[in-house]
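Chemist:
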Amino acid sequence: MQTKVLQADQLETIQSYIQAGKVVAFPTDTVFGVGVRFDDEQALHALKQAKQRDSHKPIPMMVQNLVQMKQVADVDWRMDVLYKHFMPGALTVVLNRKENIPSYVSDGKKTIAIRIPDDALLLELLANGPMLVTSANLSGELPGKDEQEVLAQLDGRIDAIVKGKAKANIASTIIDLTGERITLLREGVYSLAQIEAVLKEEQR
């Protein structure tokens, strides 16, 4: 396989690759990412093979907005508040997957990690539907900061890559919202204290 290098302004071409179930890498507002459409099990398998990733390790989902999020996961009032204050942005939330969403999307787990990226190109791509997106690197290696660093690891393993640089190169904060109490799974751009303060303020 030869990895096709695309320009960020080739929106229709990028979309056509994704809609065809291809594995595509692109810069995001955090680290450089690589992803596939969420409703294509073969594409998901190809993504995991490209990264040499554990086949039973779920891939996080990206959605365009809160409407899309509510189509794939169960949310409560806290999600509405977090959306208003932190999204789009570097906050990933673990939610309960809706029963009508195929179980392979989350590797059989009832929960799924979801984020709304603060990136114009990605939001355009997500207009066609959610994507499963992870860091653009071989499993266990550091993510590349631009297309050259990513190609050093994934050239010939993925179908296409969009030229550019990751904006922050800092991973998103991950929280679990499936219980009554918020659980911090990974601290990143936002701290748990910031998140809890916003929710406490809204409850007043």
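Here our numbering = 1-based position in the sequence shown + 136. Note that CB positions come from ideal geometry on N, CA and C, so glycine has one too. None of these values were measured; they are calculated from a predicted model.
Leu335 to Val141, Cα distance in whole Å?
Modeler: Here residue 335 refers to the residue found at position 199 of the sequence shown. Here residue 141 refers to the residue found at position 5 of the sequence shown. Their backbone Cα atoms lie some 43 Å apart in a straight line.
Chemist: What is the DSSP secondary structure of Asp145, reduced to helix, strand or coil?
Modeler: In the sequence shown, the residue the question calls residue 145 occupies position 9. It is coil, neither helix nor strand.
Chemist: Put Arg173 into one of helix, strand or coil per three-state DSSP.
Modeler: Position 37 of the sequence shown, counted from the first residue, corresponds to residue 173. The answer is strand: DSSP assigns Arg173 an E or B state.
Chemist: Quick check on Thr270: buried or exposed, where buried means 16 or more other Cβ atoms within 10 Å of its Cβ?
Modeler: The residue labelled residue 270 in the question sits at position 134 within the sequence shown. Classification for Thr270: buried.
Chemist: Measure the alpha-carbon distance for Thr166 versus Pro266 and round it to whole angstroms.
Modeler: As a first step, residue 166 is located in the sequence shown; it is residue number 30 there, counting from the start. As a first step, residue 266 is located in the sequence shown; it is residue number 130 there, counting from the start. Cα to Cα, the separation comes out at about 18 Å.
Chemist: Suppose the cutoff is 6 Å on Cβ atoms and the five residues either side in sequence are ignored; what does the same chain contact list for Asp255 look like?
Modeler: Within the sequence shown, residue 255 is the residue found at index 119, counting from 1. Thr164, Asp165.
Chemist: Taking only the alpha-carbon atoms, compute the straight-line gap between Tyr219 and Trp213 and give it to the nearest angstrom.
Modeler: As a working note, residue 219 is residue 83 in the sequence shown. As a working note, residue 213 is residue 77 in the sequence shown. So the two alpha carbons sit approximately 10 Å from each other.
Chemist: Here's a check: name, in chain order, each residue in its chain whose Cβ is nearer than 7 Å to the Cβ of Ser308, leaving out the five neighbours to either side.
Modeler: Here residue 308 refers to the residue found at position 172 when the sequence shown is read from its first residue. Within the same chain, Ser308 has close Cβ partners Thr166, Ala226, Leu227, Thr228, Arg251, Gly324, Val325.
Chemist: Looking only at C-alpha atoms, which of Ala186, Gln151, Leu259 sits nearest to Gln200?
Modeler: Position 64 of the sequence shown, counting from 1, holds the residue named residue 200. Comparing Cα positions, the closest option is Leu259.
Chemist: Under the assumption that Asp243 contacts Pro196 (Cβ atoms under 8 Å), give the Cβ distance between them as a whole number of angstroms.
Modeler: Within the sequence shown, the letter at position 107 stands for residue 243. Within the sequence shown, the letter at position 60 stands for residue 196. About 12 Å; that fails the 8 Å criterion.
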